[in-house]
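Report on the following structure.
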Amino acid sequence: MYRWRHLWRPLVAFGSALLTLSMFILLALWLAPTFADKWLANSGVTDWHIKVGQISAEQLVIDELQLTYQQDTTPSNTSDTHELTISDVVNYKLPSWLPTQIVINQLEVTVKNIDSVEQIVGGLRIDTREEPVITVSLKRPANATLEVSRHAQRISATLSHAIINAQFNYDAAKGDFDLNARALLTTEHVNRWSQGHVSQSLPVRVSVNGRLPATTPVSDPLALLRQVNADTKIQLDEQLAIKHPKLAATVLGSATFAVDSGILNHYRLDLSGLLTPTKDIPMELGDIDWQLQSSDRLAVDILMPSKALQKTRWPLVVNVNAGKNSDDIDNLSVKLNGSIRQQAGQFLAAEFPNTDIRYDRVQLPQFSEKQPKITTTEGYFNADIGFGGGKAELKLNNAFSSHLTTKMLSFDADIGNFNAIIDTSKPLSSSIDFSLNISDINVSKMLFADFNNIYDPVLSQRVSYNDRHATIDGDIVFGDGISVSHNTQIDENLQLSSTISANVASLAASSTQRRLKPVLSQFAPLLTLSNGNIQTQAVMHADLKTSDWGVTDGKLTIKDVDGIYDTLAIADLDIDTSFSLTPANLSLTQASLELGSIQQGFSIGPVAANFTAQIPLDNIAGSQVTLQQHRIKAFGGNITLPNQSYQLSQDLPIPIVFERLNLGELMRQYPTDKIAIDGEVSGTIPLRWNSEQLTVERGYVNAVAPGGKLQVDSSALRSAVGGNPSLQTLASVLENFYYQELASVIDYDENGDLTLGLELTGYNPAVENGRTVKLNITLQEDLPALIQGLQLSNSVSDVIRQRIQQRVN
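Below, the structure written as structure tokens:
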């Protein structure tokens, strides 16, 4: 605008000088050239040269006219009190004696003291009829044609140029004017301006409708422009196609400006278009429709538009709709209404409070082939969004709820208190914090039938991410009886460390039983648990890049547990152990076990032991158990075995030592009224384990002094032996037999047959005056069948009874 102001005065002077020269040519015979020099000098023309081609009453042809103009920078001291107005120009009457047409074929104007223009070269034609027309054909500084005509009090001007074509109309009677122009920026210019991202010409249309009083002076362009009242609209005539390595875009839009008395007091910008990502990204966005609108008051002098940059806050409304031609998104809409802050043309910040984001369906991006596809549906959230200082901030104003689905499960997710500060140059150095609640989890029947109805899990998590470090802290609750708490850390190298604790409050609770049943049915179908509680804690480590993982610092506490495994019943089980776990191995250290009783036909207990164990998960039968110390109570006595390491996959000789077992206690568990015995025995049974079964070869048991008493109901024996006196005597002896010695040899083979060889020395005081008698007895028994029979008789569990009956039948 500064340059335009300084060009205005020579343009006015040129017009005056050209008319003067035309008159001088006609009066050259009477006027001296020195007078012309003086008159033109007053208009700023210091040198001039003219070559007349033709003079007649109808036409004046000037073949060549050269002028040198030098702007006078000193204030004018003219005493003329009348200023030339628009009305004066419009109503100016040309002298009647001028030729009908004045033609200047070659016009050269050299301009001094004006930076914007050095030389003007072209041609000029003036038609001086009742409705005069001035036509200017410029070659320099640009090729253009300007035609100005007057009809009554209307001025019309047409400009033709390779880049711009314009039509201007002014009605002096009303003071109204309009301007319509179309500019075509060349492909070369646009490509350079866009740094190679746009390869097309850019057509721009400009329309101006306004008012300028005809009484406005024309000598001062500042005063003239400050009288302008106008509405201006600039719009793109065609879509602008932008190509970037990461996306392709089209833009169409317009800008309108309202000017009152030379003050730009309002603007409005409207842009819209289509975005299509071209670079491979994890999510298919499809075509993205977008609209941008900004409008506000300005109060900026039209002559100093750069002062608009003093306005620091610019309102902005953006609407984005995505999902067209996308397999990953259905109907995603984003509505932003906020402002941009700038200073001296430099972006400072953008603020968009209460931004609405809605979608029908979004398939979340996959960052690895191992990551499952996750689809979220029917989501809405309102957020405050800000950009500035190289950071983006996002704060949720509502609890964001959505339903997420994968191939194997679906669930409801609620996100609250979400705050994020994103470093746009280093996204991984950002910080994010939010709460996450997951509920209504449904698992595919292929994986776990009726998962939600059985477990009804609720996950309450707090997630924090700060500078490549993530923390996830929360609880997983299964109804009112089972809970898991964890604190998980993930560092910049994707190394995960999670401290986990789990608690089963009461195994006896019906809700817990309902939740454990399907797990045990799938992984341990012969195990049932009916009482007690379980607590565990551990630290899990994982490399998320390689999927390697392990568990350390594990602690497991089992208290007061009652249960059944197959037909083996346990009661009052307590276990305290430290453990570690890898994908290949479970390691138990510092393990202690206390057991109230263990029953399988006969009841043994209490039992206590300290041990360690190495358990290969792909071959549990190959485990190694190291017994450190133990205590086993059975039938009033003790049972011991060596404190050593046992490799369960190998043949193991296990010498079991019995100390002072009470035979009376043993027989109390044997459901018969035909035999009664008391006394104590001790001995050793060489058990052998070959990874599948137990065998015994030449085990022995001896009575502990002073022996005991054996009473046998011999009625069946007496009937069987008839009149055999020896057997009748034996039957009598067994009815009340006091033994001092009892020795037995025990064998047990792989078929389950137990052979017991007994040698007893004693007497019956009522038979043959208490004569000492030696008895040799061999007993054979199908031990598994015996145990089943004892279990059917002694078992207090319907589960064991049903399992045995199913096998017997």
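Counted the way the working numbering counts, the sequence shown spans residues 1 to 809. Ideal Cβ positions, reconstructed from N, Cα and C, are used throughout, including at glycine.
With 16 other Cβ atoms within 10 Å as the buried cut-off, status of glycine 679: By the neighbour-count rule (16 or more Cβ atoms within 10 Å), glycine 679 is buried.
Rounded distance between the beta-carbons of proline 606 and lysine 633, thought under 8 angstroms: 5 angstroms between Cβ atoms; contact.
Which of helix, strand or coil DSSP assigns to phenylalanine 430: Just to set this straight, residue 430 is serine in the shown sequence, not phenylalanine. Of the three classes helix, strand and coil, the one that applies to serine 430 here is coil, per DSSP.
Those residues which DSSP pairs with histidine 403 across a bridge: Thr377 and Asp412.
Neighbourhood of isoleucine 777 by C-beta distance below 6 angstroms, restricted to the same chain and skipping five residues each side: Leu758, listed in sequence order.
Residue interval of the beta strand (DSSP E) (run including glutamine 522): In the DSSP annotation of this structure, glutamine 522 is not part of any beta strand (DSSP E); the continuous alpha helix (DSSP H) holding it starts and ends at 510–523.
Contact belief for valine 317 with tryptophan 290 at Cβ below 8 angstroms, rounded distance in angstroms: Contact doesn't hold; Cβ gap of about 11 angstroms is too wide.
Element boundaries [alpha helix (DSSP H), containing leucine 666]: Where leucine 666 is concerned, the enclosing alpha helix (DSSP H) starts and stops at 663–668.
Residue ranges of each beta strand (DSSP E) within the stretch 91–143, 3 or longer: Here the runs fully enclosed are 101–112, 119–127 and 133–140.
Completely contained beta strand (DSSP E) runs for the stretch 651–726, where each covers 3 or more residues: Counting whole runs of 3 or more residues, the stretch 651–726 contains the beta strand (DSSP E) stretches 652–662, 675–677, 680–689, 694–703 and 708–712.
DSSP beta-bridge partners of proline 372: In DSSP, proline 372 forms no bridge with anything.
Chain B contact for isoleucine 777 (CB, 8 angstroms cutoff): The chain labelled as chain B is not found in the depicted structure, where only one protein chain is given.
Contact belief for glycine 338 with isoleucine 329 at Cβ below 8 angstroms, rounded distance in angstroms: With 8 angstroms as the limit, glycine 338 and isoleucine 329 do not qualify as a contact, their Cβ atoms being about 24 angstroms apart.
Cutoff 6 angstroms; reference glutamine 153; Cβ partners in own chain excluding five residues on either side: For glutamine 153, the CB contacts under 6 angstroms within the same chain, skipping 5 residues up- and downstream, are Val90, Ala172 and Ala173 in chain order.
The beta strand (DSSP E) enclosing threonine 761, as first and last residue numbers: Threonine 761: member of the beta strand (DSSP E) spanning 753–763, first to last residue.
Residue range of the unbroken alpha helix (DSSP H) whose run includes histidine 630: Residue range 624–634 is occupied by the beta strand (DSSP E) that includes histidine 630, with no alpha helix (DSSP H) assigned at that position.
Endpoints, the beta strand (DSSP E) within which alanine 299 is located: Counting along the chain, the beta strand (DSSP E) containing alanine 299 begins and ends at 287–301.
Touching by the beta-carbon criterion (3+ pairs, under 8 angstroms), the stretch 764–781 and the stretch 729–742: Pairwise C-beta distances place the stretch 764–781 in contact with the stretch 729–742, as three or more of them are shorter than 8 angstroms.
Pairwise C-alpha distance: proline 784 and leucine 756: Going by the C-alpha atoms only, they are around 15 angstroms apart.
Meets three-Cβ-pair contact criterion under 8 angstroms: the stretch 504–511 and the stretch 540–550: No: the two stretches stay apart, fewer than three of their Cβ pairs being nearer than 8 angstroms.
Paired residues, beta bridge with leucine 336 - DSSP: DSSP lists Val318 as partners of leucine 336.
Collapsed DSSP secondary structure at serine 87 in the structure displayed: In the structure shown, serine 87 falls within a helical segment according to DSSP collapsed to helix, strand and coil.
Coarse secondary structure for histidine 244, derived from DSSP in three states: Coil, per DSSP.
Per-residue DSSP class, three states only, for glutamate 775: According to the sequence displayed, residue 775 carries leucine and not glutamate. DSSP places leucine 775 in strand when its eight states are reduced to three.
Top-ranked residue by Cα proximity to arginine 192, from Ser597, Thr68, Ile242 and Tyr465: Between arginine 192 and the set Ser597, Thr68, Ile242 and Tyr465, the nearest pair of CA atoms involves Ile242.
Secondary structure of glutamine 153, DSSP reduced to three states: Of the three classes helix, strand and coil, the one that applies to glutamine 153 here is coil, per DSSP.
For phenylalanine 418, the residue or residues it bridges with in DSSP: Per DSSP, phenylalanine 418 has no beta-bridge partner at all.
Cα-Cα separation, glutamine 614 to proline 583: About 13 angstroms.
Histidine 189, DSSP secondary structure in three states: Here histidine 189 carries a helix assignment [DSSP, helix/strand/coil].
Same chain only: Cβ atoms within 7 angstroms of aspartate 423, ignoring 5 sequence neighbours per side: Excluding sequence neighbours, aspartate 423 sits near Gly390, Lys391, Ser429 and Ser430.
Cβ neighbour criterion (16 or more within 10 Å) applied to glutamine 495: Exposed, by the Cβ-count rule.
Contact under 8 angstroms by Cβ, isoleucine 677 with leucine 663: Yes, these two residues count as a Cβ contact at 8 angstroms.
Minimum C-alpha distance to leucine 394 - residue among Ser402, Ile357 and Ser425: Leucine 394 has its Cα closest to that of Ile357, out of Ser402, Ile357 and Ser425.
Residue environment, threonine 528, which counts as buried when at least 16 other CB atoms sit within 10 Å: Result: buried.
8 angstroms Cβ cutoff met for phenylalanine 635 and glutamate 659: The beta carbons of phenylalanine 635 and glutamate 659 sit no closer together than 8 angstroms.
Pair within 8 angstroms by beta-carbon distance, threonine 145 and serine 156: In this structure, serine 156 does not lie closer than 8 angstroms to threonine 145 by Cβ.
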